[in-house]
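Visitor: Protein chains in written order, with my numbering: chain W, 1 to 242; chain U, 243 to 484. Beta carbons: idealized from backbone N, C-alpha and C, even for Gly.
2 protein chains.
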Amino acid sequence: MTGISVLPVAGLPEIREGDDLAAMIAAAVALEDGDVVCVAQKVVSKAEGRVVDLAGVEPSEEALRLAGDGDPRKTEVILRESARVLRTRPPLVIAETRHGFVCASAGVDASNAPAPEQVVLLPDDPDGSAERLRAALVERTGRTVGVIVTDTFGRSWRLGIVNVAIGAAGVEVLRDHRGVLDPTGYELHSTVIALADEIAAAAELVMGKTDRVPVAVVRGLSVAGGGAGRDLVMPPEQDLFR
Amino acid sequence: MTGISVLPVAGLPEIREGDDLAAMIAAAVALEDGDVVCVAQKVVSKAEGRVVDLAGVEPSEEALRLAGDGDPRKTEVILRESARVLRTRPPLVIAETRHGFVCASAGVDASNAPAPEQVVLLPDDPDGSAERLRAALVERTGRTVGVIVTDTFGRSWRLGIVNVAIGAAGVEVLRDHRGVLDPTGYELHSTVIALADEIAAAAELVMGKTDRVPVAVVRGLSVAGGGAGRDLVMPPEQDLFR
């Protein structure tokens, strides 16, 4: 292992609905076999048209109650994207999305939306988005690459948000060390590494929130595989904190 | 930004109590200004002698009750390292450590211990450990580097463990984007990035659990700063899940 590199993909234009992300990425970076292309959820969602105009949203009673000093129309969109609301502190809503992700605002966000008074939703099927992008990149470049769709999530107990994988294709998502022996002969037990989340975190270090670098390439790993973002959702019966 | 690299530091010997980690690291890698040296907690703790022989541990009633089919002496050590027990599912204990970290087994671990029948504890003061190592590396190499002491923690809601920062010195730990405008003029709100956790995650990608690479260098970031691992502990009054 000689190390890995994390490369920002700069120079992408503002992404609009219907844009061919694969063509734009392939034009902006010379991909190599084994690269993991990490793409911020925001641009995937924008390309897929997952944008809502708040002007057309009528807030429900619950949205008005939970919005606090926030925009109740945004809260209404959050509630519509939520399978379950876990915690509220108006205007903050922590929700479980239909995908099973637990995050602030069910992933609904106004920052970097195409226009004011709009919010961007998570992709409908982030693993499907990752797979379509992967297939298109392979088709276009002839390179065997993986794709991770990322978003920044908060955590319980720890301050700050970190980039995680919400969709994946062509990559190993969880690496299971259980049963492996350490150098002293001790068998590792609860050691399943959330590899795709660590790759997403590494990618964020060069992406930045405001400098329009929504794509990064992680190069030098050996992580080809068949994992999916949904694999990272802890099954409720295993979750001691649900 | 031309990207970053994450370099494994190979060839370190097995670490024993009293070892000079800074000397070993400086001998194994040519550090450059701005490097962030990420060191697995396990080797920091071993160098500091934070190792307990289970032979001398008498389990309490509570340890016997919580150990299930595990070793009640290990559970006893876990309880001694815990400020508060959050969840139990014998033999699993999720606890808050004296440092404020919430993690499995209060960070107590038998894997990669110096010998069988031993467990390794978290450093007593991970930020102090990081600062001592940073100062010694600067002294020895003349390079301005940062240090992060890392450990792998589980998360609520998501499967798998990820590497996080439990101690830091000379690096920016949280990067606050609040008040910054996105390209459409929208002001970012809850956007504080847990930079040190993302750096730790990136480092883990080259460290591995069993291949004796307990140190990695993250190169190419501009993250000099004065943060600490304790800054990443969410204050209880802010924590909706405590």
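By the three-class DSSP mapping on this structure, what secondary structure does I161 (chain W) have?
Guide: strand
Visitor: Residues in the region 300–328 of chain U with C-beta within 7 Å of chain W's C-beta atoms, listed in sequence order?
Guide: If you check each beta-carbon in the region 300–328 of chain U against every beta-carbon of chain W, none falls closer than 7 Å.
Visitor: Starting from the beta carbon of V247 (chain U), find every residue of chain W whose beta carbon is closer than 9 Å, and list them in chain order.
Guide: Strictly speaking, residue 247 (chain U) in this sequence is Ser, with Val absent from that position. Result: G3, I4, S5, V6 and G220.
Visitor: What three-state label does DSSP hand T244 (chain U) in the structure shown?
Guide: coil
Visitor: Smallest Cα separation from A444 (chain U): which of W:A110, W:V213, W:G142 and W:V217?
Guide: W:V217
Visitor: Using a Cβ-Cβ distance under 8 Å, would I166 (chain W) count as near chain U?
Guide: So, not an interface residue.
Visitor: Does any C-beta atom of chain U lie closer than 8 Å to the C-beta of I199 (chain W)?
Guide: The Cβ of I199 (chain W) sits closer than 8 Å to at least one Cβ of chain U.
Visitor: Classify I148 (chain W) as helix, strand or coil using the three-state DSSP reduction.
Guide: Secondary structure of I148 (chain W) (DSSP, three-state): strand.
Visitor: Just checking: is the beta-carbon of M266 (chain U) within a distance shorter than 8 Å of some beta-carbon in chain W?
Guide: Not closer than 8 Å to any Cβ of chain W, the Cβ of M266 (chain U) fails to qualify, so no.
Visitor: What are the partner residues of G291 (chain U), as DSSP defines its beta bridges?
Guide: DSSP, once it has assigned bridges, lists no residue as partnering G291 (chain U).
Visitor: Along the chain, where does the alpha helix (DSSP H) that runs through S324 (chain U) open and close?
Guide: Unbroken run through S324 (chain U) is the beta strand (DSSP E), S324 to R331; no alpha helix (DSSP H).
Visitor: When the distance is taken between beta carbons, is A411 (chain U) closer than 8 Å to G388 (chain U)?
Guide: For the pair G388 (chain U) and A411 (chain U), the CB atoms are nearer than the 8 Å cut-off.
Visitor: At a cut of 8 Å, does the region 256–275 of chain U reach the region 375–390 of chain U through at least three beta carbon pairs?
Guide: yes
Visitor: Quick check: V457 (chain U) and V281 (chain U), are their CB atoms within less than 8 Å of each other?
Guide: Taking 8 Å as the Cβ cut-off, V457 (chain U) and V281 (chain U) qualify as a contacting pair.
Visitor: Tell me, to the nearest whole angstrom, how far the beta carbon of I441 (chain U) is from that of L205 (chain W); I am working on the premise that it is less than 8 Å.
Guide: 7 Å
Visitor: Helix or strand or just coil, what does DSSP make of E96 (chain W)?
Guide: If DSSP states are grouped into helix, strand and coil, E96 (chain W) belongs with the strands.
Visitor: Would DSSP call R484 (chain U) helix, strand or coil?
Guide: coil
Visitor: If you draw a straight line from the C-alpha of V14 (chain W) to the C-alpha of L54 (chain W), how long is it?
Guide: Val is not the amino acid found at residue 14 (chain W); the sequence shown has Glu there. Roughly 21 Å separates the two Cα atoms.
Visitor: Counting only C-beta atoms, is T191 (chain W) closer than 8 Å to chain U at any point?
Guide: Interface with chain U (8 Å Cβ-Cβ cutoff): T191 (chain W) is included.
Visitor: Consider the Cβ of L122 (chain W): report whether some Cβ of chain U lies at a distance smaller than 8 Å.
Guide: no
Visitor: Which stretch, first to last residue, makes up the alpha helix (DSSP H) that contains R65 (chain W)?
Guide: For R65 (chain W), the enclosing alpha helix (DSSP H) has its first and last residue at E61 to L66.
Visitor: How many Å lie between L273 (chain U) and S371 (chain U) at the Cα?
Guide: 19 Å
Visitor: Does any CB atom of chain W fall closer than 8 Å to the CB of V344 (chain U)?
Guide: For V344 (chain U), the answer is yes, since a Cβ of chain W falls inside 8 Å of its Cβ.
Visitor: Going by C-alpha distance, which of W:E62, W:G208, W:L86 and W:R16 is nearest P114 (chain W)?
Guide: W:R16
Visitor: For R385 (chain U), which of helix, strand or coil comes out of DSSP?
Guide: Three-state result, R385 (chain U): coil.
Visitor: Quick check: what's the CA-CA separation for D33 (chain W) versus A47 (chain W)?
Guide: Near 25 Å, if we compare the C-alpha coordinates of A47 (chain W) and D33 (chain W).
Visitor: My guess is that S398 (chain U) and S82 (chain W) are in contact by the Cβ rule of under 8 Å, so how many angstroms apart are they, rounded?
Guide: 17 Å between Cβ atoms; not a contact.
Visitor: Cα-Cα, which of U:E338, U:V279 and U:V362 is closest to V513 (chain U)?
Guide: Residue 513 (chain U) lies beyond the residue range present for chain U, which begins at 243 and ends at 484; the question has no answer from this structure.
Visitor: Just checking my contact of V93 (chain W) with V85 (chain W) at CB under 8 Å: how many whole Å lie between their CB atoms?
Guide: 6 Å
Visitor: CB L232 (chain W) to CB D176 (chain W), shorter than 8 Å?
Guide: no
Visitor: When the cut-off is 8 Å and only beta carbons count, does L273 (chain U) lie next to chain W?
Guide: no
Visitor: Nearest-angstrom Cα distance between R242 (chain W) and R484 (chain U)?
Guide: 12 Å
Visitor: Relative to the C-alpha of V60 (chain W), which candidate in W:K74, W:V52 and W:G229 has its C-alpha closest?
Guide: Checking the sequence, you will find Ser at residue 60 (chain W) rather than Val. Answer by Cα proximity: W:K74.
Visitor: Buried or exposed: where does R331 (chain U) fall if 16 or more other Cβ atoms within 10 Å of its Cβ makes it buried?
Guide: exposed
Visitor: Judging by CA-CA distance, which residue of W:L121, W:A110 and W:L133 is the nearest neighbour of T144 (chain W)?
Guide: W:L133
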